[in-house]
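Asks:
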Amino acid sequence: MATIIASNGFLQRLVGAAALDSAIYEEVEADATATLQAFVVVLLSSMAAGIGLSGFFSAGRGLTASSIGNVVVVSIIALLAWAAWALVTYQIGARLLPQAQTVANVGELLRTLGFAAAPGVLQVFGVIPGAAIPAFLVSSVWMVLAMIVAVRQALDYTSTLRAVAVCVIGWSLAFAMAMVLGVLFGPTVS
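Counting from 2, one number per residue, gives the positions in the sequence shown under this note's numbering.
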(Lines of atoms letter the chains of each structure in order from A and count residues from 1; the text may use other names and numbers.)
(Lines give C-alpha, C1' and ligand atoms only; values in the text may rest on other atoms or scores of the structure.)
Protein backbone atom coordinates (compact mmCIF):
# COMPACT_ATOMS: atom_id res chain seq x y z
CA MET A 1 0.00 0.00 0.00
CA ALA A 2 1.46 3.35 -1.05
CA THR A 3 1.70 6.22 1.36
CA ILE A 4 0.00 9.37 0.14
CA ILE A 5 1.39 12.63 1.44
CA ALA A 6 -0.95 15.61 1.46
CA SER A 7 0.47 18.45 -0.57
CA ASN A 8 0.00 22.11 0.21
CA GLY A 9 -0.52 24.67 -2.52
CA PHE A 10 2.16 27.13 -3.58
CA LEU A 11 0.89 29.97 -1.38
CA GLN A 12 0.60 27.68 1.64
CA ARG A 13 4.16 26.50 1.05
CA LEU A 14 5.38 30.07 0.68
CA VAL A 15 3.76 31.14 3.96
CA GLY A 16 4.83 27.94 5.72
CA ALA A 17 8.42 28.36 4.59
CA ALA A 18 8.45 31.96 5.82
CA ALA A 19 6.93 30.73 9.12
CA LEU A 20 9.90 28.33 9.44
CA ASP A 21 7.58 25.30 9.42
CA SER A 22 9.85 22.26 9.20
CA ALA A 23 6.96 20.14 7.88
CA ILE A 24 6.71 22.41 4.83
CA TYR A 25 10.44 22.03 4.21
CA GLU A 26 10.10 18.23 4.50
CA GLU A 27 7.19 18.33 2.04
CA VAL A 28 9.11 20.45 -0.46
CA GLU A 29 12.19 18.27 -0.04
CA ALA A 30 10.19 15.16 -0.93
CA ASP A 31 8.24 16.72 -3.82
CA ALA A 32 10.39 16.65 -6.96
CA THR A 33 7.68 18.63 -8.77
CA ALA A 34 8.26 21.59 -6.41
CA THR A 35 11.51 22.58 -8.13
CA LEU A 36 9.74 25.10 -10.37
CA GLN A 37 7.90 26.54 -7.37
CA ALA A 38 11.21 26.94 -5.51
CA PHE A 39 12.70 28.71 -8.54
CA VAL A 40 9.71 31.08 -8.64
CA VAL A 41 10.30 31.93 -4.96
CA VAL A 42 13.94 32.74 -5.69
CA LEU A 43 12.96 34.89 -8.68
CA LEU A 44 10.36 36.78 -6.62
CA SER A 45 12.86 37.35 -3.85
CA SER A 46 15.52 38.53 -6.31
CA MET A 47 13.12 40.91 -8.04
CA ALA A 48 11.98 42.22 -4.65
CA ALA A 49 15.63 42.98 -3.84
CA GLY A 50 16.02 44.85 -7.12
CA ILE A 51 12.85 46.85 -6.60
CA GLY A 52 13.61 47.48 -2.93
CA LEU A 53 17.09 48.77 -3.61
CA SER A 54 15.84 50.99 -6.42
CA GLY A 55 14.78 53.44 -3.72
CA PHE A 56 18.48 54.01 -2.96
CA PHE A 57 19.30 54.70 -6.57
CA SER A 58 16.34 56.77 -7.76
CA ALA A 59 15.90 58.98 -4.64
CA GLY A 60 12.61 60.61 -5.64
CA ARG A 61 13.40 60.94 -9.35
CA GLY A 62 10.61 58.59 -10.37
CA LEU A 63 10.82 55.65 -12.73
CA THR A 64 13.48 56.19 -15.39
CA ALA A 65 15.29 53.94 -17.83
CA SER A 66 18.28 54.14 -15.50
CA SER A 67 16.24 53.04 -12.47
CA ILE A 68 14.74 50.13 -14.43
CA GLY A 69 18.26 49.11 -15.41
CA ASN A 70 19.29 49.29 -11.75
CA VAL A 71 16.39 47.04 -10.76
CA VAL A 72 17.43 44.49 -13.38
CA VAL A 73 21.12 44.58 -12.37
CA VAL A 74 20.37 44.29 -8.65
CA SER A 75 17.86 41.50 -9.30
CA ILE A 76 20.45 39.56 -11.30
CA ILE A 77 23.07 40.08 -8.59
CA ALA A 78 20.59 38.87 -5.96
CA LEU A 79 19.83 35.79 -8.07
CA LEU A 80 23.54 35.05 -8.51
CA ALA A 81 24.12 35.56 -4.78
CA TRP A 82 21.37 33.04 -4.00
CA ALA A 83 22.91 30.56 -6.46
CA ALA A 84 26.31 31.03 -4.83
CA TRP A 85 24.70 30.65 -1.40
CA ALA A 86 23.05 27.40 -2.46
CA LEU A 87 26.18 25.99 -4.10
CA VAL A 88 28.44 26.86 -1.17
CA THR A 89 25.86 25.51 1.28
CA TYR A 90 25.68 22.22 -0.60
CA GLN A 91 29.46 21.86 -0.61
CA ILE A 92 29.84 22.76 3.06
CA GLY A 93 26.81 20.84 4.29
CA ALA A 94 27.18 17.69 2.24
CA ARG A 95 30.95 17.40 1.95
CA LEU A 96 32.63 19.26 4.81
CA LEU A 97 30.12 18.97 7.67
CA PRO A 98 27.85 15.98 6.97
CA GLN A 99 26.42 13.84 9.72
CA ALA A 100 26.31 10.05 9.46
CA GLN A 101 22.69 10.10 8.23
CA THR A 102 23.21 12.97 5.77
CA VAL A 103 22.00 12.09 2.31
CA ALA A 104 22.98 14.87 -0.07
CA ASN A 105 20.63 15.30 -2.98
CA VAL A 106 21.13 18.54 -4.90
CA GLY A 107 17.50 18.74 -5.99
CA GLU A 108 16.17 18.35 -2.46
CA LEU A 109 18.55 20.97 -1.13
CA LEU A 110 17.80 23.42 -3.94
CA ARG A 111 14.05 23.07 -3.37
CA THR A 112 14.31 23.70 0.35
CA LEU A 113 16.77 26.56 -0.12
CA GLY A 114 14.53 28.04 -2.79
CA PHE A 115 11.65 28.20 -0.36
CA ALA A 116 13.99 29.59 2.31
CA ALA A 117 14.22 32.70 0.11
CA ALA A 118 10.54 33.43 0.83
CA PRO A 119 11.21 36.15 3.44
CA GLY A 120 13.27 37.97 0.79
CA VAL A 121 10.03 39.02 -0.86
CA LEU A 122 9.75 41.60 1.95
CA GLN A 123 12.74 43.45 0.47
CA VAL A 124 10.30 45.10 -1.92
CA PHE A 125 9.39 47.42 0.99
CA GLY A 126 12.84 48.95 0.64
CA VAL A 127 11.33 51.14 -2.08
CA ILE A 128 9.59 53.12 0.71
CA PRO A 129 11.79 56.07 1.75
CA GLY A 130 13.60 55.21 4.97
CA ALA A 131 12.49 51.58 4.94
CA ALA A 132 15.28 50.04 2.85
CA ILE A 133 17.74 49.33 5.64
CA PRO A 134 15.17 47.82 8.04
CA ALA A 135 13.53 45.82 5.22
CA PHE A 136 16.84 44.35 4.11
CA LEU A 137 18.12 43.68 7.63
CA VAL A 138 14.94 41.96 8.78
CA SER A 139 14.50 39.93 5.62
CA SER A 140 18.18 38.90 5.51
CA VAL A 141 18.15 37.63 9.08
CA TRP A 142 14.80 35.92 8.44
CA MET A 143 16.18 34.25 5.30
CA VAL A 144 19.18 32.94 7.25
CA LEU A 145 16.81 31.49 9.86
CA ALA A 146 14.72 29.91 7.09
CA MET A 147 17.84 28.55 5.50
CA ILE A 148 18.88 26.93 8.78
CA VAL A 149 15.57 25.06 8.88
CA ALA A 150 15.89 24.18 5.17
CA VAL A 151 19.43 22.85 5.55
CA ARG A 152 18.59 20.90 8.70
CA GLN A 153 15.67 19.21 6.92
CA ALA A 154 17.29 18.66 3.50
CA LEU A 155 20.56 17.28 4.87
CA ASP A 156 18.82 15.26 7.59
CA TYR A 157 20.81 16.91 10.36
CA THR A 158 19.89 16.09 13.92
CA SER A 159 21.87 19.11 15.10
CA THR A 160 20.50 22.58 14.47
CA LEU A 161 23.92 23.94 15.49
CA ARG A 162 25.51 22.14 12.53
CA ALA A 163 22.91 23.69 10.21
CA VAL A 164 23.66 27.11 11.74
CA ALA A 165 27.38 26.66 11.04
CA VAL A 166 26.74 25.62 7.43
CA CYS A 167 24.37 28.54 6.84
CA VAL A 168 26.50 31.23 8.45
CA ILE A 169 29.58 30.14 6.50
CA GLY A 170 27.59 29.86 3.26
CA TRP A 171 25.76 33.15 3.77
CA SER A 172 29.01 34.99 4.57
CA LEU A 173 30.71 33.73 1.43
CA ALA A 174 27.66 34.45 -0.76
CA PHE A 175 27.27 37.93 0.75
CA ALA A 176 30.93 38.68 0.02
CA MET A 177 30.43 37.53 -3.57
CA ALA A 178 27.32 39.72 -3.94
CA MET A 179 29.22 42.72 -2.61
CA VAL A 180 32.05 42.16 -5.07
CA LEU A 181 29.59 41.77 -7.96
CA GLY A 182 27.71 44.86 -6.78
CA VAL A 183 30.88 46.95 -6.69
CA LEU A 184 32.06 45.67 -10.07
CA PHE A 185 28.80 45.69 -12.00
CA GLY A 186 26.19 47.46 -9.91
CA PRO A 187 24.71 50.90 -10.40
CA THR A 188 26.43 53.94 -8.96
CA VAL A 189 24.86 55.94 -6.18
CA SER A 190 24.68 59.62 -7.06
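Here a beta-carbon is modelled for each residue, glycine too, at the ideal position from N, C-alpha and C.
1) Rounded to the nearest angstrom, what separates Leu182 and Trp86 at their Cα positions?
2) For Val184, count neighbouring C-beta atoms within 10 Å of its own C-beta (all shown protein chains included) and say buried if the count is 16 or more, exposed if not.
3) Met148 to Ala33, Cα distance in whole Å?
4) Decide yes or no for the touch test of the segment 124 to 135 against the segment 95 to 105: beta carbon pairs closer than 8 Å, at least 3 of them.
5) Just to check, is the beta-carbon of Leu174 closer than 7 Å to a non-hydrogen atom of the ligand ADP?
6) Taking just the CA atoms, how far does Glu27 sit from Ile5?
7) Keeping to the same chain, check which residues put their C-beta closer than 6 Å to that of Ile170; ignore five residues upstream and five downstream.
8) Roughly how many angstroms separate the alpha carbons of Val167 and Ser8, rounded to a whole number?
9) Could you tell me the alpha carbon to alpha carbon distance between Leu88 and Leu156, rounded to whole angstroms?
10) Measuring CA to CA, which of Thr159, Ala164 and Val145 is closest to Trp172?
11) What are the boundary residues of the alpha helix (DSSP H) that includes Pro135?
12) Count the other CB atoms, across all protein chains shown, that sit within 10 Å of the CB of Pro120; report buried if there are 16 or more and exposed otherwise.
Replies: According to the structure data:
1) 14 Å
2) exposed
3) 19 Å
4) no
5) Of ligands this structure carries none, so the ligand ADP is not represented either.
6) With a pLDDT of 49 at Ile5, under the threshold of 50, the modelled position of this residue cannot be trusted; read the value that follows with caution. Between Ile5 and Glu27, the C-alpha separation is close to 14 Å.
7) Ile93
8) 28 Å
9) 14 Å
10) Val145
11) Ala133 to Ala155
12) buried
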